[in-house]
Structures are given as C-alpha cells and as structure tokens.
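Visitor: First the structure, then my questions, so here it is.
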Amino acid sequence: MRYLVLSLLCASMLATSAQAAPKVVTTIVPLHSLVSSVMDGVGTPELLMQGQNSEHNASFTPQQIADMAHADAVFIIGNNLETKLGEISGTETVGGKAFIKMNEIQGLITHAIREGGTWEPDGDEPPSTGVSADPHIWLDPENAKLMVKTIATTLDKADPANAKLYDANATKALAELDRLEADLKTQLTPVQHKPFIVFHDAYQYFEHRFGVTAVGSISNFSATPPSAQRLEEIHNKINSSNATCVFREPQFTDAAVVTVIEGTKAKSSVLDPIGADLKPGPDAYSELLHEIAKNLSDCLS
Ligand SMILES: [Zn+2]
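Encoded structure:
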C-alpha cells in the first residue's frame, strides 16, 4: 500500500511538472490573440478586457489585479491605453511585477495623436502636449510582428522548458502576419483614396500601413458625446471631402452618426478597433484586421 501511494504521488508530481504552463495575463483581445499564438500547445493566457467596452476606459476587478500580481508575465499595450490600470495599480508594476509594455518595444512604429481640425482631441489628455503617441499600435501588422517577437523572448525566459515551442509558434505567427498584410494590401488598393470618417481616431496605424484615407473623427477617446458644434464641423467635413462612409463602433449607438450624415450622401457602417464581438484566441488578430478591411472596402467601393 505504501508503495502504491508513493508511486501515485510521484506520478502526479511528474504529471504536474510536465503540464505546468506559465500564468500569463493580457489586456485587449488583439494582444491576447498574439500571446495565444505564441503559447499555442502550452497554455492559454487570461484576457482582462473583453466585450462591449471602450479600450480607453475599461475597468479592472480586484480579482483581475490579484491575478496579474500572481502571474509569470503580464503583457499590456501601455501608452495610457489601459488608463484604469494606471489608476488602480500604477503604470509600471502590479504587486511588484513589471508590466511588459508593447509600446516600449524597440523599433516599434509610432504616430503622434492627431489633434485639431476634424480630429477630436483626446478628452483625457491636456490638448497642448501634441507629441504623445497614439496608443492603437496593434493595428499595424508590422508592429504586431515586433510584439510577437517580444512575447516569445519574454516567455522563453519565464518558461525555458517550452522555449523551442514558443519560438516555433512565433515563426509561424510571423509568416501568417506577412500573409495577412499582403492580402489586405491587395484588398484595399482599390479604395485607397476614398475619404471616410471614423467614430474615434483609432485607425491611424492601419491607414498608414494600407494607404486608406480617414479625414476626421466624431468622438474623443473617452467616447463622451460630441458637442453640437463638433457634429456641425463633421457634417461640413463630410460634404467638403466627399466622404462616402461614416463608421460607428459596435460599442456605441449610432445616434451621433445618424446626425452627422443627415442630408449628406454618406452611408454608415461599422469599424471595430479591438474585436468586441470576436471569439478570443489565436485567430482573433487576423479576424479583426480582415473585418476592418472588409467593412472599409464594402462601404467605400
Ligand atoms: Zn481607441
């Protein structure tokens, strides 16, 4: 009997050590998707920001903060994207553990926040800064590739036993991102110079990569309702730029969009920068970009 207990104990210890996956926590669906690709076959990261919330004001529960403090790695976008995270736990660490911030990756492509004219300024930031970087870095697949490399390097160190698998997964993910980028370039070429209006200014990285032409935004990052004067400016912009589409986001009602397109020739459609309706997992990143490309090309063609 004693041998049986001992051997069962040994077997269960072996099984535990072979199956132990690192505990990894991430914030938004697209970042979670890239981390999931790298961890494929090892484990599943925890997703903190999911569903019908603006990426700029999603809040975090005490349980989520505790999960981050006990994780082996916590990947966030940074750049004040996860604003509530900063309020609760500080922007540098959680429970003494450093966040791994995607916005600090060496060589990352960044664009300054657009302000003035038909670009609604960010309501949470002093408008005079001008030079702060637009946080929607994931919408350029070239940045996603750098993020995949950083995720793999981080996990290699946190969990050396699975390093070969992380590296192989990263290589596969990088090839898929190259294919995605090439497909979207082909798909979007015919609508490159057709002007459109977005709900909030989230698509700058996508625009630069694929040569599409947003000419204004309706709401600021905190998604507060636009003023009457603001709606008037956007209305005039639609007419003067011949913008054919105004895109709302799935999180928000289209009341503001209906107001700005009234009496113009513009149609309304939907763009979603964070994948509010997507099933989280390795495929969500590519689904997100395909969905943006499809909605743009359908409405602008
Ligand atoms: Zn945003």
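Residue 23 is where the sequence shown starts when you use this note's numbering, and the numbers rise one by one after that.
Beta carbons are placed, not taken as given, at the ideal position from N, Cα and C, and that holds for glycine.
Computed from a predicted model, the values in this text were never measured in an experiment.
1. Go through the stretch 268 to 293 residue by residue and report every complete run of the beta strand (DSSP E) that reaches 3 residues or more, in order.
2. So, at 7 angstroms on beta carbons, what are the nonlocal neighbours of Val64 in its own chain, with the 5 sequence-adjacent residues on each side left out?
3. Can the beta-carbon of Leu199 be found closer than 9 angstroms to that of His312?
4. Considering only heavy atoms of ligand 1, does any lie closer than 8 angstroms to the CB of Ala183?
5. Is Ala224 near ligand 1, going by C-beta to nearest heavy atom under 8 angstroms?
6. Output the boundary residues of the beta strand (DSSP E) element that contains Gly108.
7. List the whole-angstrom C-beta distance separating Asn125 from Gly100, where the pair is believed to meet the contact cut-off of C-beta under 8 angstroms.
8. Below 8 angstroms, is the gap between the Cβ of His92 and the nearest heavy atom of ligand 1?
9. Taking only three categories from DSSP, how would you classify Glu147?
10. Closer than 8 angstroms is the cut-off here; do at least three beta carbon pairs connect the stretch 133 to 142 with the stretch 80 to 89?
11. Can you give me the Cβ contacts of Val96 inside the same chain, cut-off strictly under 7 angstroms, excluding the 5 residues immediately before and after it?
12. What do you reckon, are the CB atoms on Leu310 and Leu300 nearer than 9 angstroms?
13. Between Gly129 and Gly238, is the Cβ-Cβ spacing less than 9 angstroms?
14. Within the continuous alpha helix (DSSP H) that includes Pro212, where are the two ends?
15. Are there three or more Cβ pairs, one per stretch, closer than 8 angstroms when the stretch 219 to 228 is compared with the stretch 247 to 255?
16. Is Glu313 near ligand 1, in the sense that its beta carbon is under 8 angstroms from a heavy atom of that ligand?
17. If you drop the 5 nearest sequence neighbours on each side, which residues of the same chain put their C-beta closer than 8 angstroms to that of Val170?
18. Please tell me whether Thr176 and Leu107 are closer than 9 angstroms, where the distance is taken between their beta carbons.
19. Cutting at 6 angstroms between CB atoms, please list the residues of its own chain near Thr172, excluding the five before and the five after it.
20. With DSSP run on the structure shown, which of helix, strand or coil describes Thr175?
21. Closer than 6 angstroms by C-beta to Glu369: which residues in its own chain qualify, once you throw out the five before and the five after it? Chain order, please.
22. Measuring alpha carbon to alpha carbon, tell me which residue in Thr83, Arg231, Thr275 is nearest Asn165.
23. Tell me whether His215 is buried or exposed, calling it buried when 16 or more other Cβ atoms sit within 10 Å of its Cβ.
24. Got a sec? Which residues, its chain only, sit under 6 angstroms from Met71 by beta carbon, not counting five neighbours each side?
Guide: So, to answer that:
1. 289 to 292
2. Locating residue 64 in the sequence shown gives position 42, counting from the first residue. Excluding sequence neighbours, Val64 sits near Ala43, Asn184, Leu187.
3. Working through the sequence shown from its first residue, we reach residue 199 at position 177. Working through the sequence shown from its first residue, we reach residue 312 at position 290. Not a contact, by the Cβ cut-off of 9 angstroms.
4. Locating residue 183 in the sequence shown gives position 161, where the first residue counts as 1. False, no ligand heavy atom lies under 8 angstroms from that Cβ.
5. Walking along the sequence shown from the start, residue 224 turns up at place 202. Yes, Cβ of Ala224 sits closer than 8 angstroms to a heavy atom of ligand 1.
6. Locating residue 108 in the sequence shown gives position 86, counting from the first residue. Not the beta strand (DSSP E): Gly108 falls in the alpha helix (DSSP H), residues 105 to 111.
7. As a first step, residue 125 is located in the sequence shown; it is residue number 103 there, counting from the start. As a first step, residue 100 is located in the sequence shown; it is residue number 78 there, counting from the start. Indeed, because the Cβ distance is near 4 angstroms, the residues count as touching under 8 angstroms.
8. Locating residue 92 in the sequence shown gives position 70, where the first residue counts as 1. Flag unset: Cβ of His92 not near ligand 1.
9. Position 125 of the sequence shown, counted from the first residue, corresponds to residue 147. Residue placement at Glu147 cannot be trusted, given a pLDDT of 47 that sits under 50; the coordinates are not used to answer.
10. no
11. Here residue 96 refers to the residue found at position 74 when the sequence shown is read from its first residue. Counting only Cβ-Cβ distances below 7 angstroms, and skipping sequence neighbours, we find Val47, Met90, Val116, Lys119, Phe121, Ile122.
12. Taking the first residue of the sequence shown as position 1, residue 310 is located at position 288. Taking the first residue of the sequence shown as position 1, residue 300 is located at position 278. In this structure, Leu300 lies closer than 9 angstroms to Leu310 by Cβ.
13. To locate residue 129, count along the sequence shown from 1; it is residue 107. To locate residue 238, count along the sequence shown from 1; it is residue 216. No, the Cβ-Cβ distance between Gly129 and Gly238 is not below 9 angstroms.
14. For the purposes of this step, residue 212 is taken as residue 190 along the sequence shown, with counting starting at 1. Neither: Pro212 is in no alpha helix (DSSP H) and is coded neither H nor E.
15. no
16. Position 291 of the sequence shown, counted from the first residue, corresponds to residue 313. Outside the cutoff, so no.
17. On the sequence shown, position 148 is the one that residue 170 refers to. Once the five neighbours on either side are set aside, the close Cβ partners of Val170 are Leu56, Ser59, Val60, Ala192, Ala195, Leu196, Leu199.
18. As a first step, residue 176 must be located in the sequence shown, where it is residue number 154. As a first step, residue 107 must be located in the sequence shown, where it is residue number 85. No, the Cβ-Cβ distance between Thr176 and Leu107 is not below 9 angstroms.
19. Taking the sequence shown and counting its residues from 1, one reaches residue 172 at position 150. So the qualifying residues of the chain are Ile127.
20. Taking the sequence shown and counting its residues from 1, one reaches residue 175 at position 153. In this structure, Thr175 counts as helix in the three-state DSSP scheme.
21. Past the boundaries of the shown model lies residue 369; the chain is included only from 23 to 323, so the question cannot be answered.
22. Reading the sequence shown from its first residue, position 143 is the one you call residue 165. The shortest Cα separation from Asn165 among Thr83, Arg231, Thr275 belongs to Arg231.
23. Taking the first residue of the sequence shown as 1, we reach residue 215 at position 193. Result: exposed.
24. Reading the sequence shown from its first residue, position 49 is the one you call residue 71. Taken in chain order, the residues that qualify are Thr49, Ile50, Ala80.
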